[in-house]
Amino acid sequence: MYEEEVMMSDNMNNRFTVSRLVSDPVKTEAAEKIAQKEIEQLRLNLDEACKDEYEQRLSEQNVESCGKKSLLLEKTTEIAGLRRELELISKLLTGHADEALEGLQHKISGSIVSASSVWDTNGKLRGSATSTPEKSADLSQLSREELINHFKSEMIQLKREHDYTIQEMTEEYFSIKRRCLNLEERGSFSCLKKDKEFDALLRKKIPNIISKLEKVLSEGEKSLLESLLLENRQLKDSLSEADEKMSRLSQVEENHRKLIRKLESDVEASIYGDLYWSIVREFVNQIQCSKKEASESKIDLEDSFVESCMAQECCAVIYKEALKEADKIVGCLNMNVSEKEEALRSEMVEKERLKEEIHWLECLVKEKEDLVQIAENDLATEREKLEIVSQ
């Protein structure tokens, strides 16, 4: 009866030890899951912050585009004023010309009106395919690269139309001048030669118009350069933000590795400690049982020897089962470690992708600087051409 009680107490101790061996890794795994959830929450917060900042910058770019529209409207108003001055000169010319020259003047006025009527009362281009501030909802759905390409194409289109209008006006002006010279050679403008006041007025008006056209062209080129420089600064800010994001990801990755190493060491120490104390308790129980058996019964030594052998065999079986359970737990922990390593690999891949994106942004900044240089060269060439025309 006493031996059965001893065996039952041993079984209870073994079950308690095994339950501790199982519960401790479960707690460790739960701690790992909590840490992983915190890391995922931190990453989501970073993504949300980046998204909010991108939307704010998009709204700022929309506001800047509206400012550019108003600036283009002012330029159009200046061109309309130049058109009116040209009409005044044309009327002065038609006062001394015949009906053929009058038909030519109507043609010039029609071309100038058609060039200036490209703009409507709200400052929007008629027939242009570019977007307006009312379409900001559609623009907000575009990606950053598509938005940059959109505004770039819009600026190029406006510059082309502006240059085309100036070219048409210049060509018509020289055409009028050539026809006037031809008529003067024929003798139709003999009275115009005698009219010194009209000649002085004509000489005064034409250089003023040329200087105003040159001013409008230079301001258009200046606004284009300013927009390119602004876009260049925005790209540099994007590079700095990407570097900061990479540093944050590196810090999160390092903290994750430290947490994995700490959890591995804690699990290993817990397993070894539980095994050690279970073995010590088992030996203490065996010693106590042997003392009780020796104090109560010293009659049959052979029976006690057989019982001790059986107890040792039972202990060996229990130890083997405990070691098997420990091996299973270690295998589960190794699987968890491999999963963590896979997560680290995916983070490394994300880091490499960010590096490639930074390289692409640097190339884009370099291209923008080349465009600024080309625009400056074009501006210098246009100024030389205008100086030649004014001379």
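Residues in the sequence shown are numbered consecutively from 1, following the UniProt record's numbering. Glycine included, C-beta positions come from ideal geometry on N, C-alpha and C.
- When C-alpha distances from K37 are compared across V284, E325 and V252, the shortest belongs to V252.
- With 16 or more other Cβ atoms inside 10 Å of its own Cβ, E172 counts as buried.
- Considering only K222, W277 and I148, the residue with the shortest C-alpha distance to E231 is I148.
- Within the stretch 249 to 323, there are no complete beta strand (DSSP E) runs of at least 3 residues.
- Classified as exposed, E226 has fewer than 16 neighbouring CB atoms from the shown chains inside 10 Å of its CB.
- Fewer than three beta-carbon pairs drawn from the stretch 302 to 313 and the stretch 348 to 362 are found closer than 8 Å, and the two stretches are therefore not classed as touching.
- Using a Cβ-Cβ distance cut-off of 8 Å, the stretch 260 to 273 and the stretch 326 to 334 are in contact, since at least three pairs of beta carbons, one from each stretch, lie closer than that value.
- Across the structure, T165 and I176 are spaced so that their CA atoms are roughly 16 Å apart.
- The count of Cβ pairs closer than 8 Å, one atom from the stretch 361 to 368 and one from the stretch 235 to 248, reaches three, so the stretches are in contact.
- In the three-state scheme derived from DSSP, where H, G and I count as helix and E and B as strand, S338 is classed as helix.
- Secondary structure of S143 (DSSP, three-state): coil.
- L344 is a Cβ neighbour of R257, given a cutoff of 9 Å.
- The beta carbons of L158 and L249 sit no closer together than 9 Å.
- The beta carbons of L239 and V372 sit no closer together than 9 Å.
- CA-CA distance, I374 to K368, rounds to 10 Å.
- In this structure, the CA atom of N255 is about 17 Å from the CA atom of S338.
- Here C315 is not near Q288, since their CB atoms are 9 Å or more apart.
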